[in-house]
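This report concerns only the one structure given below.
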Amino acid sequence: MRDRPKMFVLCADDFAINEAVSRAILDLIDAGRLTAVSVMVSTSLWPEMAGELAARRGRVAIGLHLDLTRFLTGGVSSSRYLRRLVVAALRGRLDVGALSAEFERQFDRFEAALGFAPDHVDGHHHVHALPQIRGALFGVLAKRFADPPRELRPLARDPADSVFRILRRGGARAKALAVASLCAGFGARAAALGIATNVGFAGFSRFADAPRHDREFDRVLRAPGPRHLVMCHPGLDSAASRADPIAAARNDEYRRLMASEAAPPAMLIIRRAPNERRSAYAEWLSS
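Counting along the sequence shown from 1, when you hit position 71 you're at 127 in the working numbering, and nothing is skipped either side.
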């Protein structure tokens, strides 16, 4: 097994969750430190920030970060709610029709603001890959992208990785193993439906241990999958970010990525015409 990826995607999550996170991500795009960004379209900040992100489409993949915490709790996001959602999904107690309608709403909101379909789709807290919820997502993808060839369809993020790679990589093993167990089978089902995914996933963190990004970034590139994807959660240190429980860790990630002289070696660099329809990942998926 290779110790370092031939090429990997570095994706910043949570764009539009607050201004501190959004501004940090825009800075990193401008500095050439990111491959991709995932956006939360249900926040009040999204319409205001969408134009600034659209202007950078030529050098970053832009995906939809599906959020069910706000949809199902009336705006409240909490670890207690997340546990209840996971249990309901595992027991088959969710309303798939309501989930599908919410996903359609978020796709519509994304495309209305940006004028193009997402390059990828994933979920806040990885909920998109849970049982029942993945079925709703796959149904929406099949409906919205039935006709375009594979290279025009969004990539679906698979947040699971093999046990061997997770253990060899180290770090937040318990969290990575839990997600891998809950989301098992997502990649295989997506492949059967003709939906491209990453193969290899990292970026799980013990956020409470910040600052720690200097120690952890090299670790996420160990034991890579053949199409390795790494998530990150950067943010600025500002008064607006103080209510964010992982603000210190976000700022640590931002400073580490901005301090480097160039993009991390082997990181996929996006270069395309701003109005190009083809997915930003087309060459990566074919390599």
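We put the CB at the ideal spot given by N, CA and C, even for glycine.
Computed from a predicted model, the values in this text were never measured in an experiment.
Among the options, the one whose alpha carbon lies nearest that of residue i
i: Arg312; options: Ala80, Met63, Pro103; result: Ala80
i: Arg262; options: Ala252, Asn254, Phe273, Thr253; result: Phe273
i: Arg115; options: Ser343, Ser335, Arg139; result: Ser335
i: Arg229; options: Pro301, Asp164, Phe257; result: Phe257
i: Arg113; options: Leu82, Glu309, Lys231; result: Leu82
i: Ala144; options: Leu120, Phe166, Pro187, Asp164; result: Pro187
i: Gly227; options: Asp59, Arg275, Gly88, Ser100; result: Arg275
i: Phe166; options: Ala247, Val142, His121; result: His121
i: Val286; options: Arg221, Leu277, Ala244; result: Leu277
i: Glu160; options: Gly148, Leu341, Ala173; result: Ala173
i: Leu101; options: Asp59, Ala338, Ile118, Val77; result: Val77
i: Phe220; options: Leu211, Leu233, Pro210, Arg209; result: Leu233
i: Asn74; options: Pro103, Asp59, Asp86; result: Pro103
i: Pro210; options: Arg333, His289, Arg60, Ala305; result: Arg333
i: Ala246; options: Asp178, Lys231, Gly259, Arg225; result: Asp178
i: Ala329; options: Leu341, Ala110, Asp86; result: Ala110
i: Asn307; options: Pro321, Cys288, Asp86, Ser342; result: Cys288
i: Glu317; options: Ala87, Ala72, Phe201, Asp59; result: Ala87
i: Gly119; options: Ala322, Ala72, Ser342, Asp293; result: Ala72
Whole-number beta carbon distance between residue j and residue i, since they are thought to touch under 8 Å
i: His176; j: Arg213; result: 6 Å
i: Ala299; j: Gly291; result: Rounded, the Cβ-Cβ distance is 12 Å, inconsistent with contact.
i: Ala9; j: Val235; result: Since the first and last residues shown for the chain are 57 and 343, residue 9 lies out of range.
i: Ala106; j: Ala169; result: 4 Å
i: Met314; j: Leu84; result: 7 Å
i: Val183; j: Leu249; result: Incorrect: roughly 19 Å between the Cβ atoms, too far for contact.
i: Gly241; j: Val255; result: Actually they do not touch by this definition, with Cβ atoms about 14 Å apart.
i: Ile326; j: Ala117; result: 6 Å
i: Phe163; j: Val196; result: 7 Å
Residues bridged to residue i (per DSSP)
i: Thr253; result: Ala212
i: Gly107; result: None; Gly107 has no bridge partner.
i: Ser94; result: Gly119
i: His176; result: Leu211
i: Ala68; result: Val93, Cys288
i: Ala258; result: Val286
i: Met323; result: Phe64
Any non-hydrogen atom of the ligand NAD closer than 7 Å to residue i Cβ
i: Ser100; result: Here there are no bound small molecules, and the ligand NAD is not part of this structure.
Three or more beta-carbon pairs under 8 Å between the region 58-78 and the region 280-289, yes or no?
-> Put simply, the region 58-78 touches the region 280-289. At least three CB pairs are less than 8 Å apart.
Can we say the region 80-95 touches the region 195-206, given the rule of at least three CB pairs closer than 8 Å?
-> no
Counting Cβ pairs closer than 8 Å, one from the region 144-157 and one from the region 179-195, do we hit at least three?
-> yes
Whole beta strand (DSSP E) runs in the region 136-172 with 3 or more residues, listed along the chain?
-> Whole beta strand (DSSP E) segments, 3+ residues: zero.
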